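Below you'll find the structure, written out as structure tokens, and then a few comments.
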Amino acid sequence: MSNSLDLPGRPEDTRVVVAMSGGVDSSVTAALLKQQGYDVIGVTLQLYDHGKAMHRAGACCAGQDIQDAKRVAEHLGIPHYVLDYESRFKEAVIDRFAESYLAGETPVPCVACNQTVKFQDLLETAKEFGADVMATGHYITSRQKGNRRVLYRPTDEDRDQSYFLFATTQEQIDFLRFPLGGMPKPEARALARELGLSVADKQDSQDICFVPTGKYTDVIERLHPGAAEPGDIVHIDGRVLGQHKGIIRYTVGQRRGLGVSAGEPLFVVKLDAEKKQVIVGPREALATRRLKLREVNWLGPIDVSEIPEKGLEIYAKVRSTRPPKAALLHVTDDGGFEVELLDGEEGVAPGQACVFYDSVDKESELWGGGWIASTKSVAQIRQPSNVQDAINA
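Residue numbers (numbering that gives the first Met the number 0): 0 to 392.
Below you can see the structure in the form of structure tokens.
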């Protein structure tokens, strides 16, 4: 196995609860641990739909996926439980997702799900089962470093899920294990076939599992009827270029489907929920240099009070698909956090996560992260001050 559980005692005396989503990764995790002789219990969460997603490809934690997890557990000969967390998931993830979009943000619901339902509620349930640890199929690595357990980016960079786990607390890290962190995804699939798992060739779940059609606006409008209020599409120089049918239909960095023209390529630069404005401009207006963060989870090796006034050298990810880039982490006078992106980044939006690492190396250490509360652009473009203020707010 590519990643030891780092636990004392014999495997047969060690109880492991495996979070089984019905996909290949968590199924292989359960199979490997069972093969090694651990006392394995599989737990699957029903998070939404009450089975309505039974035949929808790319779903997670509903319908067909629950049945797939049951079949794998039966094949492995391990106990399996399905827990109804639907109301908790709606409150902690779906409602928060909708409210974030209504506020003109671009949320990352997978982080909220890990932060609340999986690594808080499910983890407590695992302890009630008498588990010594809880294991998941996430592609991330954890190892003991001195007196604490530390998270690292996985071997397979294409499957790196560390961005979605920045909010994991130290207490949770100590209880969690990620057996696939040192394994490439093709190897996991090959193992699934070798072990005779029925999900070996099942496609990966989509990022936003609770959006049945891929249209997140449908979810928001169902929860908040009338949320898609019309407003102005405004150029950063102050010109009103047209009308939109709701800011929830736009994201920062978007170019296509704006429905306006100004003789140059235009991008969404800012969403102003209060004024119901979609603010657009040239590509250079997307460049972001400074981020103000909220709800920061710090996992670094030094105390926050030791971060120097000039800033701490870190590497920051502002999108799950982008590599970490050089940055400085600052602690503000009021105890908040700001990140200075040394080379700037394009298309950074409030509501996204900014995640910290110690280097750009393949298996760099995860130092935590926070939610982006606001951004400040690289260049001060000549324009009316009220529009510039709106962009930099």
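Here a beta-carbon is modelled for each residue, glycine too, at the ideal position from N, C-alpha and C.
Here the structure is a predicted model, which is why all the values come from computation and not from measurement.
{"Asked": "Nearest neighbour of L164, chosen from G280, G343, V295 and D332 [CA to CA]", "Found": "V295"}
{"Asked": "Residue burial classification, E228 (beta-carbon count within 10 angstroms, cutoff 16)", "Found": "exposed"}
{"Asked": "V290 versus G299, K375 and D357, residue with shortest Cα-Cα distance", "Found": "Note that residue 290 is Leu in the sequence shown, not Val. Out of G299, K375 and D357, K375 has the C-alpha closest to the C-alpha of L290."}
{"Asked": "Pairwise C-alpha distance: G334 and D94", "Found": "29 Å"}
{"Asked": "Nearest-angstrom Cβ-Cβ length linking F88 and Y47, presumed shorter than 8 Å", "Found": "6 Å"}
{"Asked": "CA nearest to the CA of I246, picked from V239, I235, D236 and G230", "Found": "G230"}
{"Asked": "Residue environment, E123, which counts as buried when at least 16 other CB atoms sit within 10 Å", "Found": "exposed"}
{"Asked": "Residue burial classification, L341 (beta-carbon count within 10 angstroms, cutoff 16)", "Found": "exposed"}
{"Asked": "Cβ pair V354, G368 closer than 7 Å", "Found": "yes"}
{"Asked": "Sequence-distant residues of the same chain with beta carbon closer than 8 Å to A56, five excluded per side", "Found": "Low local confidence applies: a pLDDT of 47 at A56 is under 50, so the model's placement there is unreliable, and no value is given."}
{"Asked": "Burial state of T331, where buried means 16 or more other Cβ atoms lie within 10 Å", "Found": "exposed"}
{"Asked": "Extent of the continuous beta strand (DSSP E) to which A352 belongs", "Found": "A352 to Y356"}
{"Asked": "First through last residue of the alpha helix (DSSP H) which encompasses I235", "Found": "I235 -> no alpha helix (DSSP H), and no H or E assigned at all."}
{"Asked": "Member of F336, Q351 and S260 whose CA lies at the smallest distance from the CA of T320", "Found": "Q351"}
{"Asked": "For D332, the first and last residue of its enclosing beta strand (DSSP E)", "Found": "Looking at the DSSP string, D332 is not in any beta strand (DSSP E), and its letter there is neither H nor E."}
{"Asked": "Distance between V268 and L44 (C-alpha atoms, nearest Å)", "Found": "38 Å"}
{"Asked": "At least 3 beta-carbon pairs within less than 8 Å: the stretch 60–77 vs the stretch 13–27", "Found": "yes"}
{"Asked": "Contact between the stretch 97–109 and the stretch 137–156 (3+ Cβ pairs under 8 Å)", "Found": "no"}
{"Asked": "Range covered by the beta strand (DSSP E) that runs through K184", "Found": "Taken as a continuous stretch (DSSP letters only), K184 belongs to no beta strand (DSSP E), being part of the alpha helix (DSSP H) at K184 to E193."}
{"Asked": "CB contact flag (R14, D155, <7 Å)", "Found": "no"}
{"Asked": "Residues near V359 by beta carbon distance below 7 Å, same chain, minus five either side", "Found": "Y314, P322 and P323"}
{"Asked": "Contact check, L259 vs I232, beta carbons under 7 Å", "Found": "Contrary to the premise, residue 259 reads as Val rather than Leu in this sequence. Their beta carbons are under 7 Å apart, which means V259 touches I232 by this criterion."}
{"Asked": "Simplified DSSP assignment, three categories, for Y100", "Found": "helix"}
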